[in-house]
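Listed in order, the protein sequences are those of chains A and B.
According to numbering that gives the first Met the number 0, the first sequence holds residues 0 to 258 in order.
According to numbering that gives the first Met the number 0, the second sequence holds residues 0 to 260 in order.
Backbone N, C-alpha and C fix where the C-beta goes; we use that ideal spot for every residue, glycine too.
The block underneath contains the structure these notes are about, expressed in structure tokens.
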Amino acid sequence: MAPVTPALSAKIREKRYARARGTKPHLALEGLSLAVAAGEFVALVGPSGCGKTTLLNIVAGLDQDFAGEVQLAPRPDGHPARVGYVFQEPRLLPWRTVYENIALVLPPHRADATVKDMLRAVGLPNARDLYPPQLSVGMSRRVAIARAFAIQPDLLLMDEPFVSLDHDTVEQLRELLLKLWHARPTTVLFVTHDIREALVLADRLVLLSGAPGHVVADVPVSLARDLRHSGAEIERLRDEILRRHRELIGAAAATTPVE
Amino acid sequence: MSLATAAQRASSWVVASSLMQRIGSVVLFILVWQVAADAIHSRLLPSASAVFVVLIEESLHGPLLFHLGITLARVAAAFVVAMIIGTAIGIVMGRSQTLDALFDSWLVLLLNLPALVIIVLAYVWFGLTEAAAIGAVAVNKIPNTAVTLREGARTLDRNYSDMAASFHLGRWRTLRHVIMPQLYPYVFAAARSGLALVWKIVLIVELLGRSNGVGFEIQLYFQQFDVTRILAYSIAFMVVIQVIEWAIFQPLERRAGRWRP
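Right, here's the structure in full:
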């Protein structure tokens, strides 16, 4: 069982974006409160534009212009928590090799061993000297995931890391992510608009409303992880969630294939 | 594989043929010069061959290499100072709207200040010293570099900066691995035009207030109306600058761009 100390607790009273002069600022988040236990895999699900990325940027410390507070539990040694971030686009530096991209986020003395280890873990042992423009989209995402895990994060933020990929690649990447997460346990906050994806990956779904975003429901996924390969079970859970939370139908429509 | 080698062969063929064109163009220029000089037959337009003979003679037995070295050292010093200061100013102004608004007019003022005025003022204020000479040249180039780098700093990709911040890369790693690589095209543009500008201004600085260097020698031969030696010195220096471009700038630029597919 996951311990009860929250690894992350966020209370956002309000987050506004300044818009063009003279218009009212856009209210992105309002009254959002979220706690994630250490070792928990939480999926944030909501329609596009509901402020999911905004929330991740606030948690990552990239955006400090908001009213409220975010607390990350410190590491056992008293140092501040380390946060790994997998962005929607891989954001690898195109002018640095795969090796350099990962080594860059590590202290030099353990870069060599860690990069080698991580590249093997994501199935790219021979990619170390390639430049990102030479990688396929799937490979780029693997490197971005390797980079985030390389720092041994206490909290891993993932912002729809598998969008706009073909079905097979997404399946492989999800499997890889779960494998890495089991081997290197950490707290995960995974943003997606795809309820199926959230159900396959997460311990718990946090459903967000449309803008201004706030938590509408908290849905633990009771289905055992080894039973999640069954598409029928996932579909059943998804239908149940959609029945109860009609506001998410917009998001669901975006992920339902056209028939 | 065979496709790749074919492409390589084709591209090396293109390189070779463009090199031949270059050489042909230079040979044509020398030929025109030689013919014109022979036709006019005046002391004021020495032939290409006469200049070449003097060039060899002055290099082997005269002070040409010494003066060339002195001038080159001044060019290098002024160039390095101007690139570092100009780049720093450019990045800061490109990143901060406040500082940009505050100092933009200063840049415009400096850009429009004639090189000669800067040089004369530097000598008047700081004396006929080496530091004044190099400083004056650098001040001529700094606003130019700053404007180019400011343009670059304005195009920096926010996504990479966010990545650097979220992984706590720190200032130095961020500058070296995230910011500078995005600015390299602008640095090279500034360096190219900078070298061309700096060496021309160094000659004026030497002519006005130094007792050695190519500029000083040219002044000397100007007083003697010795056009042959004036041309010999300037050609020697032009060749050196071109070699710097080929042997240093172009390989560096290729290295910085090797990640491009």
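A direct Cα-Cα distance of roughly 20 Å separates proline 107 of chain A from isoleucine 178 of chain B.
Three or more pairs of CB atoms, one per stretch, sit closer than 8 Å, so the region 158-178 of chain B contacts the region 79-87 of chain A. For tyrosine 84 of chain A, the enclosing beta strand (DSSP E) has its first and last residue at 82-85. Taking 7 Å as the threshold, the shortest C-beta distance from tryptophan 94 of chain A to chain B falls below it.
In terms of Cα proximity to threonine 173 of chain B, the closest of B:Val186, B:Tyr185 and B:Leu155 is B:Leu155. Taking a 10 Å sphere around the C-beta of phenylalanine 65 of chain B, we find fewer than 16 other C-beta atoms and assign the residue as exposed. A buried status is given to serine 139 of chain A, since no fewer than 16 other beta-carbon atoms sit within 10 Å of its beta-carbon. In terms of Cβ geometry, leucine 241 of chain A and glycine 45 of chain A do not form a close pair [threshold 7 Å].
If you draw a straight line from the Cα of serine 104 of chain B to the Cα of asparagine 111 of chain B, it is about 11 Å long. Only residues of its own chain outside the window of five on either side were considered, and among them Ala9, Ile57 and Val58 have a CB closer than 7 Å to the CB of valine 69 of chain A, listed in chain order. Under the DSSP assignment, valine 121 of chain A falls outside any beta strand (DSSP E); it carries neither an H nor an E label. In the three-state reduction of the DSSP assignment, glutamine 63 of chain A falls in the coil class. Alanine 201 of chain A is outside the set of residues whose beta carbon lies under 7 Å from a beta carbon in chain B. Taken in chain order, the members of the region 46-63 of chain A whose beta-carbon sits within less than 8 Å of a beta-carbon on chain B are Asn56, Ala59, Gly60 and Leu61. With contacts defined as CB atoms closer than 7 Å, glycine 93 of chain B and alanine 152 of chain B qualify as a contacting pair. The Cβ of arginine 183 of chain A sits no closer than 7 Å to any Cβ of chain B. Using a CB distance cut-off of 7 Å, valine 104 of chain A counts as an interface residue toward chain B. Boundaries of the beta strand (DSSP E) around leucine 43 of chain A: 40-44. Comparing C-alpha distances from histidine 244 of chain A to each of A:Val215, A:Val220 and A:Arg235 shows the shortest one belongs to A:Val215. At a Cβ-Cβ threshold of 7 Å, proline 45 of chain B and valine 226 of chain B count as neighbours. Under the 10 Å beta carbon count, glutamate 174 of chain A is surrounded by fewer than 16 other beta carbons and is classified as exposed. For isoleucine 229 of chain B, the three-state secondary structure derived from DSSP is helix.
Per DSSP, aspartate 128 of chain A has no beta bridge partner at all. The three-state secondary structure of arginine 15 of chain A, taken from DSSP, is strand. Judged by DSSP secondary structure, arginine 203 of chain A falls within the beta strand (DSSP E) whose first and last residues are 203-207. Leucine 188 of chain A places its beta carbon 7 Å or farther from that of serine 165 of chain B. Contact annotation: proline 211 of chain A and leucine 54 of chain A have beta-carbon atoms that are not nearer than 7 Å. For chain B, the residues of the region 116-146 of chain A that bring a beta carbon within less than 7 Å of one of its beta carbons are Tyr130, Pro132 and Gln133, in chain order. A direct Cα-to-Cα measurement between leucine 123 of chain A and aspartate 111 of chain A gives close to 15 Å.
In this structure, the straight-line span from the alpha carbon of histidine 78 of chain A to that of tyrosine 98 of chain A is close to 27 Å. Looking at the DSSP output, serine 32 of chain A bridges to A:Lys10. With a threshold of 16 other beta carbon atoms within 10 Å, histidine 181 of chain A falls short and is exposed. Out of A:His213, A:Lys178, A:Phe161 and A:Gln151, the CA that lies nearest to the CA of alanine 197 of chain A is found in A:Phe161. Out of A:Ala149, A:Pro184, A:Gly137 and A:His213, the CA that lies nearest to the CA of aspartate 165 of chain A is found in A:Gly137.
For glycine 212 of chain A, the beta-bridge partners assigned by DSSP are A:Leu28.
Interface residue (Cβ-Cβ distance to chain B less than 7 Å): tyrosine 84 of chain A is classified as such.
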